[in-house]
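Single-structure report; data block below.
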Amino acid sequence: MSRSFLALAVAAASTLLIALPAHAQNAEAGQKAFKQQCGLCHDVVAGKNRVGPSLFGVVGRKSGTVDGFHYSDANKNSGLTWDPATLDKYLADPRGTVPGTTMTYAGVKNDDQRKDIIAYLATLH
Amino acid sequence: MQSRVLATSALMCLVLAGASGQAAAQTARHEIPQSFVVAHQDTLAELTAIGKRHTRTGLIARQAISAVKRHFEREEEYILPPLTLAPALALGKVTPDMKWAVEMADRIRADRETIFVEHTVITGWMNELAAAAEKSHEADVIAFAQGAVADALNDTEVNEPMAIVIGDYIRAKLGP
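Have a look at this one:
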């Protein structure tokens, strides 16, 4: 095998690795994970609040803005917008991201599962 | 020989003193509102009953019960007792014998993060319980889990802050 061919192969493989995300987000898997991790407290029907607010349309929404849900001051005043990056941070460590939140949940510690859940949430529009 | 007898007697005195101190601490334990007595009894009875099932939910309930009991013990020791004073305080009565609630309120304030973590652990178990119950179509277990997470939010939103407010109010009224 010539050196130039080897270099070409390495370059091609590197390009492929960069092009492919580390974990392809999977909304279907996210829906299952959502049911297990979030479904007890959150509904996905618009306007249907439970212990937690409805998560219909959560991606892109400003924190603390669902009608008819009483938020903690911490959540209301966080100034966050739930874009995927912010959601990822919050879901990994709710209390660390919004100190004083009343969401009694330790967080989704699995990175892939978190990304899947966010992919699922993004479909709720 | 005599010194050994003396040492034993001294040890006995110490043990007895310790025991009486413990007894004093136990008698100093304050009551909690009756509504919480009933709520705790019902929750534990229901979780125990689920734990007897030969299903995945039974297994999860058996695992969850120690976390729930530990949290209830903490609540009964110093989180809920100040709430027994609320009716009297609402009538404008503040008396020196209420001062015990000040110390409890300070303890709740100091332990808030620990208490919150206990809630998250219980919520984690309830998530697991509800997910298993959905697969096995045990609607009563899902309802139980939903009630338990609502209780956790109620503690965080209302009961714990209210117990702190009661302690602070009594301190303000009675002075240091």
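Chains as they are written, first to last, in the numbering used here: chain L, 1182 to 1306; chain G, 77 to 252.
Positions of the beta carbon are idealized from the N, C-alpha and C atoms, including for glycine.
- What is the rounded straight-line gap between the Cα of Leu1236 of chain L and the Cα of Asp1224 of chain L? If you number the first sequence from 1, residue 1236 of chain L lands on position 55. If you number the first sequence from 1, residue 1224 of chain L lands on position 43. In a straight line, the C-alpha of Leu1236 of chain L is about 6 Å away from that of Asp1224 of chain L.
- Query: Whose C-beta lies closer than 7 Å to the C-beta of Arg185 of chain G among residues of the same chain, with five residues either side of it excluded?
  - Reply: Counting from 1 along the second sequence, the entry for residue 185 of chain G is found at position 109. Excluding residues within five positions, the ones whose Cβ falls inside 7 Å are Ile240.
- Query: From Gly1288 of chain L to Leu123 of chain G, what does the alpha carbon distance come to, in whole angstroms?
  - Reply: By 1-based counting over the first sequence, the position of residue 1288 of chain L is 107. By 1-based counting over the second sequence, the position of residue 123 of chain G is 47. Each residue's Cα considered, the two are about 24 Å apart.
- Task: Flag Asn203 of chain G as yes if its beta-carbon sits less than 8 Å from any beta-carbon of chain L, otherwise no.
- Result: Along the second sequence, one-based indexing puts residue 203 of chain G at 127. Yes, Asn203 of chain G counts as interfacial toward chain L.
- Message: Could you give the first and the last residue of the continuous alpha helix (DSSP H) run that contains Phe112 of chain G?
- Response: As a first step, residue 112 of chain G must be located in the second sequence, where it is residue number 36. First-last of the alpha helix (DSSP H) with Phe112 of chain G: Gln110 to Gly127.
- Message: Closer than 8 Å is the cut-off here; do at least three beta carbon pairs connect the region 104-111 of chain G with the region 145-157 of chain G?
- Response: yes
- Message: Using a Cβ-Cβ distance cut-off of 8 Å, determine whether Ala207 of chain G contacts chain L.
- Response: Residue mapping note: residue 207 of chain G aligns to position 131 of the second sequence, counting from 1. Yes, because at least one Cβ of chain L sits closer than 8 Å to the Cβ of Ala207 of chain G.
- Can you tell me which of L:Thr1304, L:Ala1210, L:Gln1206 and L:Ile1298 puts its alpha carbon nearest to the alpha carbon of Leu1272 of chain L? Numbered from its first residue, the first sequence carries residue 1272 of chain L at position 91. With distances taken between Cα atoms, Leu1272 of chain L lies closest to L:Ile1298.
- Any Cβ of chain L within less than 8 Å of the Cβ of Gln139 of chain G? On the second sequence, position 63 is the one that residue 139 of chain G refers to. So, not an interface residue.
- By DSSP, does Leu1187 of chain L sit in helix, in strand, or in coil? Taking the first residue of the first sequence as position 1, residue 1187 of chain L is located at position 6. Per-residue confidence for Leu1187 of chain L stands at a pLDDT of 48, beneath the threshold of 50, marking its modelled position as unreliable; the derived number appears in the next sentence. Three-state DSSP puts Leu1187 of chain L in a helix.
- Message: Counting C-beta neighbours from all protein chains within 10 Å, is the total for Ala207 of chain G 16 or more, i.e. buried, or is it exposed?
- Response: Position 131 of the second sequence holds residue 207 of chain G. With 16 or more Cβ atoms within 10 Å of its Cβ, Ala207 of chain G is classed as buried.
- Interface residues of chain L around Glu192 of chain G at Cβ under 8 Å? Locating residue 192 of chain G in the second sequence gives position 116, counting from the first residue. One detail in the question is off: residue 192 of chain G reads as Phe in this sequence, not Glu. Those within 8 Å of Phe192 of chain G in chain L are Arg1276 and Thr1285.
- Message: Excluding the 5 residues flanking Val1206 of chain L on each side, which residues of the same chain have their C-beta closer than 8 Å to its C-beta?
- Response: Taking the first residue of the first sequence as position 1, residue 1206 of chain L is located at position 25. Rather than Val, the amino acid found at residue 1206 of chain L in this sequence is Gln. Lys1296, Asp1297, Ile1299 and Ala1300, listed in sequence order.
- Query: Residues of chain G with a CB under 8 Å from the CB of Lys1216 of chain L: which are they?
  - Reply: As a first step, residue 1216 of chain L must be located in the first sequence, where it is residue number 35. Those are Ala207 and Glu210, listed as they occur along chain G.
- Task: Would you list, in chain order, the members of the region 224-239 of chain G that have their beta-carbon closer than 7 Å to a beta-carbon of chain L?
- Result: Val225, Ala226, Ala228, Leu229, Thr232 and Glu233
- Task: Compute the beta-carbon to beta-carbon distance between Leu205 of chain G and Ala125 of chain G, rounded to the nearest angstrom, for a pair I have assumed lies under 8 Å.
- Result: Numbered from its first residue, the second sequence carries residue 205 of chain G at position 129. Numbered from its first residue, the second sequence carries residue 125 of chain G at position 49. The pair is not a contact, with the Cβ atoms about 13 Å apart (cut-off 8 Å).
- Task: Check each candidate in G:Leu135, G:Leu229 and G:Tyr245 and name the one with the smallest Cα separation from Glu194 of chain G.
- Result: Walking along the second sequence from the start, residue 194 of chain G turns up at place 118. Glu194 of chain G has its Cα closest to that of G:Leu229, out of G:Leu135, G:Leu229 and G:Tyr245.
- Message: Please give the ranges of any alpha helix (DSSP H) in the region 183-230 of chain G, keeping only runs that are unbroken, at least 4 residues long and fully inside the region.
- Response: 188-212 and 215-230
- Cross-chain neighbours of His195 of chain G in chain L, by beta carbon under 8 Å: By one-based count along the second sequence, residue 195 of chain G stands at place 119. Chain L residues near His195 of chain G: Thr1285.
- Item | Backbone CA spacing between Lys249 of chain G and Pro237 of chain G [nearest angstrom] | In the second sequence, counting from the first residue as 1, residue 249 of chain G sits at position 173. In the second sequence, counting from the first residue as 1, residue 237 of chain G sits at position 161. Approximately 18 Å between the Cα atoms of the pair.
- Query: If you draw a straight line from the C-alpha of Leu167 of chain G to the C-alpha of Gly1245 of chain L, how long is it?
  - Reply: Your numbering for residue 167 of chain G matches position 91 in the second sequence. Your numbering for residue 1245 of chain L matches position 64 in the first sequence. Cα to Cα, the separation comes out at about 36 Å.
- Message: Considering just the uninterrupted stretch of the alpha helix (DSSP H) at Glu233 of chain G, what are its terminal residues?
- Response: Mapped onto the second sequence, residue 233 of chain G falls at position 157. Here Glu233 of chain G belongs to no alpha helix (DSSP H), and DSSP marks it neither H nor E.
- Task: Using 7 Å as the cut-off, classify the Cβ of Leu1221 of chain L as near or not near the heavy atoms of the ligand ATP, replying yes or no.
- Result: In terms of ligand content, the structure shown is empty, and the ligand ATP therefore cannot be addressed.
- Inspect the beta-carbon positions of Gly243 of chain G and Pro158 of chain G and report whether they are closer than 8 Å. In the second sequence, the residue the question calls residue 243 of chain G occupies position 167. In the second sequence, the residue the question calls residue 158 of chain G occupies position 82. Contact flag set, yes.
- Message: Using CA atoms only, rank isn't needed, just tell me which of G:Pro172, G:Arg146, G:Leu135 and G:Trp176 is closest to Val197 of chain G.
- Response: Position 121 of the second sequence, counting from 1, holds the residue named residue 197 of chain G. Answer by Cα proximity: G:Arg146.
- Can you tell which of G:Gly134, G:Ala121 and G:Ile141 has the C-alpha that lies nearest to the C-alpha of Glu214 of chain G? As a working note, residue 214 of chain G is residue 138 in the second sequence. Out of G:Gly134, G:Ala121 and G:Ile141, G:Gly134 has the C-alpha closest to the C-alpha of Glu214 of chain G.
- Item | Beta-ladder partner(s) of Thr1262 of chain L, from DSSP | The sequence position of residue 1262 of chain L within the first sequence is 81, counting from 1. For Thr1262 of chain L, which the question treats as bridged, DSSP gives the partners L:Lys1243.
- Query: Of all the options L:Phe1215, L:Thr1283 and L:Val1239, which has the alpha carbon lying nearest to the alpha carbon of Phe192 of chain G?
  - Reply: To locate residue 192 of chain G, count along the second sequence from 1; it is residue 116. Selected option, being the one with the closest Cα: L:Thr1283.
- Task: Indicate the three-state DSSP secondary structure (helix, strand or coil) for Thr33 of chain G in the structure shown.
- Result: Because chain G is modelled from 77 through 252, residue 33 of chain G falls outside the range shown and cannot be assessed.
- Message: I need the DSSP call for Asp1297 of chain L, collapsed to helix, strand or coil.
- Response: By one-based count along the first sequence, residue 1297 of chain L stands at place 116. In this structure, Asp1297 of chain L counts as helix in the three-state DSSP scheme.
- Would Leu1221 of chain L count as contacting chain G if we go by Cβ distances under 8 Å? The residue you call residue 1221 of chain L lines up with position 40 of the first sequence. Cβ-Cβ to chain G under 8 Å: yes for Leu1221 of chain L.
- Message: My assumption, with CB atoms under 8 Å, is that Ala1303 of chain L sits in contact with Val1247 of chain L. Please give the rounded CB distance.
- Response: On the first sequence, position 122 is the one that residue 1303 of chain L refers to. On the first sequence, position 66 is the one that residue 1247 of chain L refers to. 17 Å between Cβ atoms; not a contact.
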